[in-house]
Amino acid sequence: MDPSLSTRTVGDRTIVEVGGEIDVYTAPKLREQLVELVNDGSYHLVVDMEGVDFLDSTGLGVLVGGLKRVRAHEGSLRLVCNQERILKIFRITGLTKVFPIHTSVDEAVAATD
């Protein structure tokens, strides 16, 4: 089942709301969305993962790839997540040191780079 994806803009930030499962089968859709946003000039992204039920290593790879893309344009990629099961994946992999992880979209939008 494909993840639900929607985007909106708040100031200079583009919010990508993701729902469902991000795994080997569905991660390419998220990758395409992130690539398209960067190609269109959106370099400050906030990925809202509050609706994500499952995240595997492929999904993590997509997020890391998105971070590399925005950083190539001196941009940022921030995550919004409160779900312990998803946060645990970021802690175990050490990616909490790579991604700024916020508790709300408002907090992520207000954060300075």
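UniProt numbering puts the sequence shown at residues 1 to 113. In this text, a Cβ means the ideal position worked out from N, Cα and C, and glycines have one as well.
query = Going by DSSP, what residues sit across from R48 in a beta bridge?
reply = Position 48 of the sequence shown holds residue 48. As written in the sequence, residue 48 is Asp, which differs from the Arg given in the question. Answer by DSSP bridge pairing, in chain order: E17 and V80.
Q33 versus R69 - alpha carbon distance = Taking the first residue of the sequence shown as 1, we reach residue 33 at position 33. Taking the first residue of the sequence shown as 1, we reach residue 69 at position 69. Their backbone Cα atoms lie some 12 Å apart in a straight line.
request  = Counting only the same chain and skipping the five closest in sequence on each side, list residues whose C-beta sits under 8 Å from that of V64.
outcome  = Reading the sequence shown from its first residue, position 64 is the one you call residue 64. Within the same chain, V64 has close Cβ partners L95 and V98.
ask   = When you compare each of N39, L5 and V109 to R71 by their alpha carbons, which one comes out closest?
value = Residue mapping note: residue 71 aligns to position 71 of the sequence shown, counting from 1. Taking only the C-alpha atoms, the option nearest R71 is N39.
task = Quick one: using the 10 Å Cβ neighbour count with 16 as the cut-off for buried, is H57 buried or exposed?
result = Taking the sequence shown and counting its residues from 1, the one referred to as residue 57 is at position 57. According to the sequence displayed, residue 57 carries Ser and not His. Exposed.
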